[in-house]
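Take a look at the structure below.
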Amino acid sequence: MNKTIRNASVFVLVLVLALLGRATWVQAYEGKALADDSKNRRKTIAQYAQPLGNIVVAGSPVTGSTRTEGSDLAYKRTYTEGELYAAVTGYSSQAYGATQLEGIFSDVLDGTDDRLKNPLDAVTRKQQEPGTVVTTIDPDVQEAAYRALGSKKGAAVAVDPASGRILAMVSTPSYDPSKIAGTNDGDVWKELTSDEDKPLVNRALRQPLPPGSTFKLVVAAAALENGLYGSVDVATESPDPYTLPGTRTVLKNENPSAPCENATIRTALQYSCNNVFGKMAADLGQDEVRAMAEKFGFNDAERDVPVRAYASVYPSGMDAAQTALTGIGQFDVTATPLQMALVSAVLANDGLLAAPHMVSEVVDSDGDPLRTYRDGDAERIVSASTAEQLRSAMVTVVEKGTGTNAAVAGAEVGGKTGTAQHGENNSKTPYAWFTSYAKDPSTEKQVAVAVMIEDSGAARSEVSGNGLAAPVAQKMMEAALK
2 MNKTIRNASV FVLVLVLALL GRATWVQAYE GKALADDSKN RRKTIAQYAQ PLGNIVVAGS
62 PVTGSTRTEG SDLAYKRTYT EGELYAAVTG YSSQAYGATQ LEGIFSDVLD GTDDRLKNPL
122 DAVTRKQQEP GTVVTTIDPD VQEAAYRALG SKKGAAVAVD PASGRILAMV STPSYDPSKI
182 AGTNDGDVWK ELTSDEDKPL VNRALRQPLP PGSTFKLVVA AAALENGLYG SVDVATESPD
242 PYTLPGTRTV LKNENPSAPC ENATIRTALQ YSCNNVFGKM AADLGQDEVR AMAEKFGFND
302 AERDVPVRAY ASVYPSGMDA AQTALTGIGQ FDVTATPLQM ALVSAVLAND GLLAAPHMVS
362 EVVDSDGDPL RTYRDGDAER IVSASTAEQL RSAMVTVVEK GTGTNAAVAG AEVGGKTGTA
422 QHGENNSKTP YAWFTSYAKD PSTEKQVAVA VMIEDSGAAR SEVSGNGLAA PVAQKMMEAA
482 LK
């Protein structure tokens, strides 16, 4: 054979082998990555090739699907009472992706999850019928929260203390996910993303704000657990007025005539005495307060319910004056409504934190479970004695203190108000908070709630936890105990 022809043949053979090798590599090793690439149109076509599986509340779907026209995406998502459940479901959009439960369980809901396939389907890549996500949401509590929040900007969360089941999660202003489910919803999307009130933000999970005096429950727990005070009815060492350590700044009380000097923890919670909890935090020191806050869940950047919640923060590296300010939920302390609901849930559950979750199970088209979220998977946060004492003090707050608007007829209700400073030198309208629990002695039903009102449109002088947030909590607790 001619040498030139032989060399050319070898070169062509090498090229053919390289081509085959590359094709094998792409199919065997890179195929899944390419198939899952967000820019792969085939993935989106497959996702919407059939009606999506549903997200279920109390046995009924709050989602659906509708046939599209003139599109290679055969179906798009629809929502029943979309604004009511948006903080739970999130959205599934052909143009803008998916969030919340829609995003986390997208593979189950569109039928592409490998767990939905039998061995033959896995080989043939046949798309199976989609699965279903079953939530823990109580529709009565959810609606009570949504209606009570109304036009206010804020959020509310309700939790069953014993099981950890999230019974309600609402963020307002809300939005209708159906209006951004297709490919031609650019105007609505632009309106939502440019809205200063940020309706797409889930304030219940993802907007930590200063919790104000609701954080005093955490400081009180630290004081009892560390032996700084023996009970909630022992007098504290708390001068009134109290000057922040190393400064000339006086920590004032909202009610100048309240009996806050050397007040007991019970009285200090009843009147929300800043001097008591500011000095208490300074006496404990930032390390002890932070340790207790972290037991309750602060500084946890991996809180999944199963949607990831932003971390509530207790800061570090503070001086004594700054530590004192954290005692009243200020300085750089931030919390989500979920976090503050968990504080009340722990105290209601005798000091145990049941892992919070808003999904009970994920099932296939036959109803067989793919994943189950256990109820009551708990860890101890504070002693039963500390929890009992703080519940008793919280009851005093509702019966004759700053939280009277939270009372529910026939139920044991305990709570704590908060009014958190907002803006430089408190120049903006404060945030109104309320965290609470309720128990029905006849049915043994119980619930823990937190409500945050970011803005209600009310005059600054009218903003208070009892005036704005407690009535919302009251409606939620009443609905949960029915």
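So for the sequence shown, my numbering puts the first residue at 2; every next one is plus one. Note that beta-carbon positions come from the ideal geometry of N, C-alpha and C, so glycine has one too. Just so we're clear, the structure is a prediction, and the values are computed from it rather than from any experiment.
Are the C-beta atoms of residue i and some chain C residue less than 7 angstroms apart?
{"i": "residue 275", "result": "Looking for chain C here will not work: only one protein chain is present."}
Smallest Cα separation from residue i: which of the options?
{"i": "residue 343", "options": "257, 216 and 251", "result": "216"}
{"i": "residue 417", "options": "310, 307 and 219", "result": "219"}
{"i": "residue 265", "options": "238, 198, 8 and 118", "result": "238"}
{"i": "residue 337", "options": "206, 474 and 85", "result": "206"}
{"i": "residue 431", "options": "90, 459 and 333", "result": "459"}
{"i": "residue 319", "options": "334, 168 and 313", "result": "334"}
{"i": "residue 154", "options": "391, 454 and 474", "result": "454"}
{"i": "residue 565", "options": "366, 395, 439 and 449", "result": "A question about residue 565 goes unanswered here, because the residues of the chain that appear run from 2 up to 483."}
{"i": "residue 113", "options": "130, 5 and 384", "result": "130"}
{"i": "residue 165", "options": "404, 419 and 378", "result": "378"}
{"i": "residue 403", "options": "304, 280, 385 and 272", "result": "272"}
{"i": "residue 62", "options": "140, 97, 23 and 128", "result": "140"}
{"i": "residue 394", "options": "478, 415 and 8", "result": "415"}
{"i": "residue 75", "options": "328, 315, 307 and 47", "result": "47"}
{"i": "residue 49", "options": "355, 109 and 91", "result": "109"}
{"i": "residue 100", "options": "10, 309, 118 and 236", "result": "309"}
{"i": "residue 210", "options": "420, 479 and 437", "result": "420"}
{"i": "residue 429", "options": "376, 457, 397 and 435", "result": "457"}
{"i": "residue 477", "options": "191, 437 and 359", "result": "437"}
How is residue i classed by DSSP in three states: helix, strand or coil?
{"i": "residue 257", "result": "coil"}
{"i": "residue 137", "result": "coil"}
{"i": "residue 35", "result": "The pLDDT assigned to residue 35 is 48, lower than 50, so where the model puts this residue is not dependable, and the model offers no usable value."}
{"i": "residue 118", "result": "coil"}
{"i": "residue 413", "result": "strand"}
{"i": "residue 454", "result": "strand"}
{"i": "residue 104", "result": "helix"}
{"i": "residue 176", "result": "coil"}
{"i": "residue 325", "result": "helix"}
{"i": "residue 379", "result": "strand"}
{"i": "residue 386", "result": "helix"}
{"i": "residue 146", "result": "helix"}
{"i": "residue 194", "result": "helix"}
{"i": "residue 344", "result": "helix"}
{"i": "residue 13", "result": "helix"}
{"i": "residue 405", "result": "helix"}
{"i": "residue 45", "result": "helix"}
{"i": "residue 338", "result": "helix"}
{"i": "residue 399", "result": "helix"}
{"i": "residue 236", "result": "strand"}
{"i": "residue 61", "result": "strand"}
{"i": "residue 284", "result": "helix"}
Check for me: the alpha helix (DSSP H) holding residue i runs from which residue to which?
{"i": "residue 266", "result": "266-272"}
{"i": "residue 218", "result": "217-226"}
{"i": "residue 166", "result": "Unbroken run through residue 166: none, as it is neither H nor E."}
{"i": "residue 361", "result": "From DSSP, residue 361 is part of no alpha helix (DSSP H) but of the beta strand (DSSP E) over 360-364."}
{"i": "residue 86", "result": "83-90"}
{"i": "residue 95", "result": "Looking at the DSSP string, residue 95 is not in any alpha helix (DSSP H), and its letter there is neither H nor E."}
{"i": "residue 292", "result": "287-297"}
{"i": "residue 473", "result": "471-482"}
Since residue i is in the beta strand (DSSP E), which residue starts that stretch and which ends it?
{"i": "residue 484", "result": "Coverage of the chain is limited to positions 2 through 483, which leaves residue 484 absent and any answer about it impossible."}
{"i": "residue 433", "result": "429-440"}
{"i": "residue 303", "result": "Where residue 303 is concerned, there is no enclosing beta strand (DSSP E), given that its DSSP letter is neither H nor E."}
{"i": "residue 373", "result": "370-373"}
Opposite residue i in the DSSP bridges: which residues?
{"i": "residue 171", "result": "157"}
{"i": "residue 242", "result": "According to DSSP, which records beta bridges pairwise, residue 242 is partnered with nothing at all."}
{"i": "residue 67", "result": "77"}
{"i": "residue 56", "result": "134"}
{"i": "residue 25", "result": "According to DSSP, which records beta bridges pairwise, residue 25 is partnered with nothing at all."}
{"i": "residue 252", "result": "243"}
{"i": "residue 550", "result": "It is not possible to answer for residue 550, since the shown part of the chain is limited to 2 through 483."}
{"i": "residue 113", "result": "DSSP, once it has assigned bridges, lists no residue as partnering residue 113."}
{"i": "residue 209", "result": "DSSP, once it has assigned bridges, lists no residue as partnering residue 209."}
{"i": "residue 419", "result": "434"}
{"i": "residue 310", "result": "304"}
Inspect the CB distances between the segment 218-226 and the segment 287-294 and report whether three or more fall short of 8 angstroms.
-> yes
Would you check if the segment 168-183 and the segment 143-150 touch, i.e. whether three or more CB-CB distances between them fall below 8 angstroms?
-> yes
Below 8 angstroms, can you find three or more Cβ-Cβ pairs linking the segment 157-172 to the segment 330-349?
-> yes
Counting pairs of Cβ atoms below 8 angstroms between the segment 436-447 and the segment 372-380, do you hit three or more?
-> no
Check whether the segment 297-304 touches the segment 256-265, taking contact to mean three or more Cβ pairs, one atom from each stretch, closer than 8 angstroms.
-> no
Tell me, please, whether the segment 126-138 touches the segment 53-66 by the rule of three or more beta-carbon pairs shorter than 8 angstroms.
-> yes
Stretch-stretch touch, CB-based, cutoff 8 angstroms, three pairs: the segment 324-331 with the segment 186-203 | no
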